[in-house]
Structure formats: C-alpha cells, structure tokens
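Asker: Residue numbers (my numbering), protein chains in the order written: chain P, 1322 to 1676; chain D, 1322 to 1676.
Before we start, here is the structure in question, set down as structure tokens.
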Ligand SMILES: Cc1ncc(COP(=O)(O)O)c(C=O)c1O
Ligand SMILES: Cc1ncc(COP(=O)(O)O)c(C=O)c1O
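Right under this line is the structure:
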C-alpha cells in the first residue's frame, strides 16, 4: 500500500498516569490512528491525530446495527528499553476474518501493522515499565454511514487507540471460580461467535452479571445446540489437563481463535506435551474430576495470559480443581509466554516483533 | 416521573425534502430528544435539542461491546391533519424487554412516550402527507462509558431521532422472493434474538448480502438448534395460511415479538379466522405446498406493514406461493392496518394514539 500516514501532534500532552495505580482501559494516550473507508475509493487518509472525542451523527449505523469489529493486543517494554509486540500479524489477520463475517471491507494487514508501529513509536513514553504492566492496543472498525436501514455500510472508520495498563496479577496468580452457563447461550455454529465483534460481548453481559452475583468471576459457555460441549470463558479460551493430555475445544466457528490459545498449543507441543484440539463435553470434565484425572484447567487470553481455574460450578455441582491452586503447566506456560513477551526468555518461535 | 423536558430550538431549520422522492432513513428532522443515565443518579436531563452530530470518545463502550437497543415505529398524518401513533406503548415496553436482556437500566415508559409526543409535536410539519408516507421514529439507547473492558456501562444515552419516509409500496404491493437460510444462524434460544439490539442485525448482514446476490430480497431464518423450524424474515415476522388456518411461529426467545405480528393476530381473530402460534417446520410448509394447501405467506413489520411472500427457495427447492400474487387475507390485513394507522378505518381496538 502506498498510502502515507499524516501525523498531527498534540499541542496539549497529557500527564502520564501514576504507574503504581494503573487499571485497565481507562486512560488513553495522546494520539490515535484513524483511517477512513469510502465505497469506490477504498481505505484512505490514514492519519495519526491527537486522541480525543470525535463527532458522529446520531443516525450513524454503528449505533443501530452493530456492524463493527475490534482487536486487543499489547506492547511490552523490555528491561533494555526495547518495545516488543507479540504476534501482531495474528491480530491483523483476525481483523480480516472478523471483517469477512461482518461484511466490512478487508484491510491491508501489512499497512495496518505499519500504522500500529508508527503510533506506538510516537507514544513510546506511554508504555509503563513496571513488572507486568504494558500498553494495551485496541484497533477497531465501525460502520459510519448516517443511515437507518439494515445493509452493510458504505463508509467505515478504522481506529487504533492505546491504553497503559497495570499488571493483571498484582498479588500473585489466583485461580478463578467459574460458573458453567446452562441457560444463556453466547454463540452457535453458523453465527458470529468466531468473530471479534461487539454483538458477542453484548450478548454475554447478562450471564456474566448473574454469575458475578453468585460469586463467580467468569462464565464458561457451552455450545448453543446441545449445551454440552465446552466452548470458552469470557474473553479467554480454555484448556484442560486430563491425565497429562492437554485438551482444548477445537475451533468449530462459535469460539474465538485466540492468539494466546495458539501460542499455548505450540509451546506445549515444543515441550513434548500431548495437546489435543477436539470437542469436549462438560460431563467428561466432571467424570475426569471424579476419577482424579482432571489435573489442571486454565484460560488463555491477552489480558491475563494464563488464568488458572480453581473451581467450576455446573448445575449446582461444584468441583475444585488442583486444590484451587495454580498447576505446574499453567505456571510454566505463564512464565514462558510472559518471559518471551518481555524479552526475558529466548524467543525460539519468532513471535515477538520489535517496534 | 417529574422530569421536565428542556427545549432548545434550532436556529437553522432545514429545508424539508421533496415529498415525492422520499426514501428511507436518510433525512432527519430539525430536532432530537436526548436523555442521559448515570449510575446512582438514574435517567436525567431530558432535552429536545437541534438534530446534529454528537461527540463521543473513541473508547466509548458502544463502539466496542455493542451494549445498545433500539426501536422503530411511525407517526402518520390523517387527511384531517391529525397525527397518529400506532400502539406506541408496545414499543416502549419492548425497549424495557430489550434493556433487561442487555443489562441496560429500565426506562419509564410513560415518560418516554411523553417525550416522544413532545418531539413529534415540535416536528409536526416534518410529517409527510402523501399516501403511504410517514414519519419514522427511532428511539435508541447506547452505552457511553469511555472504557475498555467487558461489563455493563455505568452511563447511557437515550436518543430519539425522526426521519420522514416515503411510501413502502410505490407501485402496488409486489410479493417478494425469500431465501431460506440453511447455513447462517441469526439467533438461538438462550441468546439475544428476542431483543432489538444491534448485534442481531450485524449478525444477519452476510446472509442477506448473499441472498441478494442470488436474486432474493430477504432471508427466512431457521432455528439455530435443529435448523428446521421457521423463525422470521429480515425485519419481519412471518405468517402462513395453510388450509385457511393462519400459522405464525410462537415466541420462543429467538425472534422479535413484532407489534405488527401482534396486531395481525388480533385482527384475524376479530374476523373469526383461525390463528395459531406454534412451532412450524420448513418441511411442513413445503409439504403443504405440495398438497396445494399453502394458500398464502406474508411478513409483518412496521416498515412494510404486510409483505406477501411470492417465492421460497430452500436448499435449491423453489416453490411459488399463490402464483406469486398477493393473497386475499394479506390484502385485507394490509388495508385494515394501514386504514387504522391513517385514521381512515374505525379503530375498534384502541390502537392509535393521537399526538
Ligand atoms: C471471546 C474471546 N475468546 C478468547 C479470547 C482470547 O484471545 P487472545 O488470546 O487472542 O487474546 C478473547 C480475547 O481476545 C476473547 O474476547
Ligand atoms: C428482527 C425483526 N423481526 C420482526 C420485526 C417486526 O416488528 P414490528 O412489527 O414491531 O415492526 C422487526 C422490526 O421491527 C425486526 O427487526
């Protein structure tokens, strides 16, 4: 792509947040990337501009019909001051997978990555340095036609915003309690479950709120057809270590193909651990637990990297996994992935990309 | 509710569009209604302000997580110059049904209707008068926290915008060709299908685009579990006249409870026609067609009121219904409903509300 990214720098740089009290997704950096799409003209006018409010007609299609996609990845600062991205091409490719399902025009993934890097270079000082902190990157695309009527929009905006975020685990990794959802359904084959699109998250809220009220951190979804196959957890894919075979639900169209999921599979394989992607029922998990062979369970995702599951509750049947403690594989995957991300562990896979 | 609606009138009234070339959802009136919600404070600051662009942070939750709902209804001008709404309480109640599913705080339906009436009174001159034209009303609620993270927003905006729209049928009612979707799924029980929320429409786009390419106007959805029960069409509910019994899919949580659907059922009952709400398979329809008992099929919705179905295509099996012509019941329902809406037919049901 021969597009040139114009840069307009802010006149009012903001104060950086106190690194010790960083939360998640509340503070944004000084600049953002914005690119427009117009039918017949393609993607055009890529620019880096000061971060700030944008004007939208109340009739803008995104408010009414949800035609949009997004991504989430992070930039990490190493001890030596280098800035690393973790498999960013994967996120860019996933944008196009989501785009295709939502009838949003394809982006040039190389150019998008170039734009992302240019933005991060400019915002380098916003990347926090303390252990476990990072710069969260949110690329997203929204339909912008000022039009009421159900059809794909003819105009879009592709935006990238950045948010310095705190360490996910401030007091050591604590396994979470997960509620297995038997009533609400997040996605079904033939639907939009595999796309990273707003509708999936809107759909998940009610179940999550109800699980929280019952004292559970997150929800484990079951498939929408038979309500017996395990799908994914909130914003994480799931893995189960049964008798030293690690099993994760196969990608059947209703769950997101997580970058951390893929990396976990590769890592385990490189260690000689048996990994299987297949359909797995919630019953099988409970049976394995009863037999004492459910050794570990954990979620994988960009935010937490690895989140051990200490407890499952399914139809009032509560099981504790690994005594509610983090398992050895979970620990090892966590240490290795974060080690690679922060440049402390050799990156044999060529996963990191320096900005 | 004791809230007072403040009114700020526009300084730059727009020119009204040429009534003979009105489309749908492209032109908006001079004013809109806006009300804010803040956690702990409730809904507050209802106001009528000039229609125009609004400012949103790019981190606004609606862009990322799709927590939103909307409605669609119309205001009609009678020959005598009266302005009528058709069962607007139903739409306000449906807002709260959608809100509940999407974890959006309830609205006061009486107050919302009062606000709607106040806005329409102010915009009275924007209601077109030609046969079949009307003022389309779009209330909607969007999550407005500037925050990245999956949880219900703590702030919202409830907005009502108005758009003068042309007659749906400019050259007489033409039955449509419908593609029965066997691959993509719109909704599943346990999901959000019954709510009027952006995600459902985003999800439907790809199937609709593909059906259009094959020469079909709309898609008939099948249930997400067994892919055999008939659900609804695009933005319409569906009815089938089989052997003089009118059958429409029952409300099982995956389709919208249409106001036109409900009115059609009431109307048919008042005429002594047998109406049944139940699950109906696509196979049953094809069997009835083969036996010659599938007399009529039609969709119901606010936009078209009644849309006769002239052709169905299911797995390459194409059937013609009623010779591709509008059936007698469809005609009668259309004439009666539009008659009531425009004040030409006596409203025995108390459906219309004068503004
Ligand atoms: C629904 C869902 N599943 C899984 C994941 C994990 O994906 P990743 O490892 O790419 O962050 C995410 C987060 O992006 C998600 O939103
Ligand atoms: C999905 C869906 N089904 C059915 C309908 C018909 O509903 P109503 O008759 O209330 O317009 C609509 C339109 O609002 C819709 O969007």
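No residue lacks a Cβ here, since even glycine has one placed at the ideal position from N, Cα and C.
If you're wondering where the values come from, they're calculated on a predicted model, not measured in any experiment.
Can you find the residues in the same chain that come closer than 7 Å, C-beta to C-beta, to residue 1509 (chain P), ignoring five residues on each side of it along the sequence?
Answerer: Here the set comprises 1545, 1546 and 1575.
Asker: Can you tell me whether residue 1662 (chain P) is helix, strand or coil according to DSSP?
Answerer: Of the three classes helix, strand and coil, the one that applies to residue 1662 (chain P) here is helix, per DSSP.
Asker: Just to confirm, is the Cβ distance from residue 1572 (chain D) to residue 1515 (chain D) under 8 Å?
Answerer: Against a cut-off of 8 Å, the Cβ pair of residue 1515 (chain D) and residue 1572 (chain D) comes out as a contact.
Asker: Does residue 1538 (chain P) get closer than 8 Å to chain D when you measure Cβ to Cβ?
Answerer: Output row for residue 1538 (chain P): interface = no.
Asker: Please decide whether residue 1657 (chain P) counts as near chain D, where near means a Cβ-Cβ distance under 8 Å.
Answerer: Output row for residue 1657 (chain P): interface = no.
Asker: With respect to the beta strand (DSSP E) encompassing residue 1394 (chain D), which residues constitute its N-terminal and C-terminal limits?
Answerer: That run of the beta strand (DSSP E) goes 1394-1398.
Asker: Would the C-beta of residue 1412 (chain P) count as close to ligand 2, meaning under 7 Å from any of its heavy atoms?
Answerer: No; taking the cut-off as 7 Å, the Cβ of residue 1412 (chain P) has no heavy atom of ligand 2 nearer than that.
Asker: Is residue 1559 (chain D) near ligand 1, judged by its Cβ being under 7 Å from some heavy atom?
Answerer: False, no ligand heavy atom lies under 7 Å from that Cβ.
Asker: May I ask whether a heavy atom of ligand 1 can be found less than 7 Å away from the beta carbon of residue 1470 (chain D)?
Answerer: Not under cutoff, so the answer is no.
Asker: Name the residues in the stretch 1570-1596 of chain D whose C-beta lies less than 7 Å from a C-beta of chain P; which are they?
Answerer: Correct list: empty, as no residue qualifies.
Asker: Closer than 7 Å by C-beta to residue 1645 (chain P): which residues in its own chain qualify, once you throw out the five before and the five after it? Chain order, please.
Answerer: Around residue 1645 (chain P): 1496, 1631 and 1632.
Asker: Once the 5 residues before and after residue 1342 (chain P) are set aside, which same chain residues still bring their CB inside 8 Å of it?
Answerer: For residue 1342 (chain P), where only same-chain residues beyond five positions count, the Cβ hits under 8 Å are 1487.
Asker: When the Cβ atoms of the stretch 1499-1509 of chain D are set against those of the stretch 1437-1452 of chain D, are three or more pairs found closer than 8 Å?
Answerer: No: fewer than three Cβ pairs fall under 8 Å.
Asker: Hey, would you say residue 1506 (chain P) sits closer than 8 Å to residue 1512 (chain D), going by beta carbons?
Answerer: Yes; because the gap between Cβ atoms is below 8 Å, this pair is in contact.
Asker: Give a yes or no on whether 8 Å exceeds the smallest Cβ distance from residue 1366 (chain D) to chain P.
Answerer: By this cut-off, residue 1366 (chain D) is not an interface position.
Asker: If you reduce the DSSP assignment to three classes, tell me which class residue 1435 (chain P) lands in.
Answerer: Of the three classes helix, strand and coil, the one that applies to residue 1435 (chain P) here is helix, per DSSP.
Asker: Would you say residue 1670 (chain P) reaches chain D, if we count a Cβ-Cβ gap shorter than 8 Å as a contact?
Answerer: So, not an interface residue.
Asker: Does the CB of residue 1526 (chain D) have a neighbour CB from chain P at under 8 Å?
Answerer: It does; some Cβ of chain P falls within 8 Å.
Asker: Tell me whether residue 1511 (chain D), by its Cβ, gets closer than 7 Å to a heavy atom of ligand 1.
Answerer: False, no ligand heavy atom lies under 7 Å from that Cβ.
Asker: Give the secondary structure of residue 1384 (chain D) by DSSP, where H, G and I count as helix, E and B as strand, and everything else as coil.
Answerer: Three-state DSSP puts residue 1384 (chain D) in a helix.
Asker: Since residue 1422 (chain D) meets chain P, which of its residues come closer than 7 Å, beta carbon to beta carbon?
Answerer: What residue 1422 (chain D) touches in chain P: 1527.
Asker: Taking just the CA atoms, how far does residue 1562 (chain D) sit from residue 1694 (chain D)?
Answerer: The displayed coordinates of chain D run from 1322 to 1676. Any statement about residue 1694 (chain D) would go beyond what the structure contains.
Asker: Indicate, with yes or no, if ligand 1 has a heavy atom lying under 7 Å from the CB of residue 1553 (chain P).
Answerer: The answer is yes for residue 1553 (chain P).
Asker: Restricting to runs no shorter than 3 residues, where is the beta strand (DSSP E) found entirely within the stretch 1452-1530 of chain P?
Answerer: Whole beta strand (DSSP E) segments, 3+ residues: 1455-1464, 1476-1486 and 1497-1501.
Asker: Please list the partners that residue 1468 (chain D) has in chain P, where partner means a Cβ-to-Cβ separation under 7 Å.
Answerer: Residues of chain P passing the Cβ test: 1346 and 1347.
Asker: I'd like to know whether the C-beta of residue 1378 (chain P) is nearer than 8 Å to at least one C-beta of chain D.
Answerer: Yes - at least one Cβ of chain D is within 8 Å of the one on residue 1378 (chain P).
Asker: Does any C-beta atom of chain P lie closer than 8 Å to the C-beta of residue 1546 (chain D)?
Answerer: Yes, its Cβ sits closer than 8 Å to a Cβ of chain P.
Asker: Going residue by residue through the stretch 1561-1606 of chain D, where are the continuous beta strand (DSSP E) segments of at least 3 residues, counting only ones entirely within it?
Answerer: Those beta strand (DSSP E) runs which fall completely within the stretch 1561-1606 of chain D and span 3+ residues are 1566-1569 and 1595-1598.
Asker: Inspect the CB distances between the stretch 1467-1483 of chain P and the stretch 1525-1536 of chain P and report whether three or more fall short of 8 Å.
Answerer: The stretch 1467-1483 of chain P vs the stretch 1525-1536 of chain P: no contact.
Asker: Got a sec: does ligand 2 put a non-hydrogen atom nearer than 7 Å to the Cβ of residue 1633 (chain D)?
Answerer: No.
Asker: Is residue 1387 (chain D) near ligand 2, in the sense that its beta carbon is under 7 Å from a heavy atom of that ligand?
Answerer: Incorrect: residue 1387 (chain D) has no Cβ contact closer than 7 Å to ligand 2.
Asker: Which value, in whole angstroms, describes the spacing of the CA atoms of residue 1664 (chain P) and residue 1395 (chain P)?
Answerer: Approximately 14 Å between the Cα atoms of the pair.
Asker: For the candidate residues D:1617, D:1603 and D:1656, whose alpha-carbon lies nearest to that of residue 1634 (chain D)?
Answerer: Residue D:1603 is the option with its Cα nearest to residue 1634 (chain D).
Asker: Based on the DSSP secondary-structure assignment, which residues constitute the bridge partners of residue 1539 (chain P)?
Answerer: Answer by DSSP bridge pairing, in chain order: P:1499.
Asker: Is the closest heavy atom of ligand 1 to the C-beta of residue 1423 (chain P) under 7 Å?
Answerer: Result no, Cβ not under 7 Å from ligand 1.
Asker: Hey, does residue 1489 (chain D) have any beta-carbon neighbour from chain P nearer than 8 Å?
Answerer: Chain P, which has no Cβ nearer than 8 Å to the Cβ of residue 1489 (chain D), makes this no.
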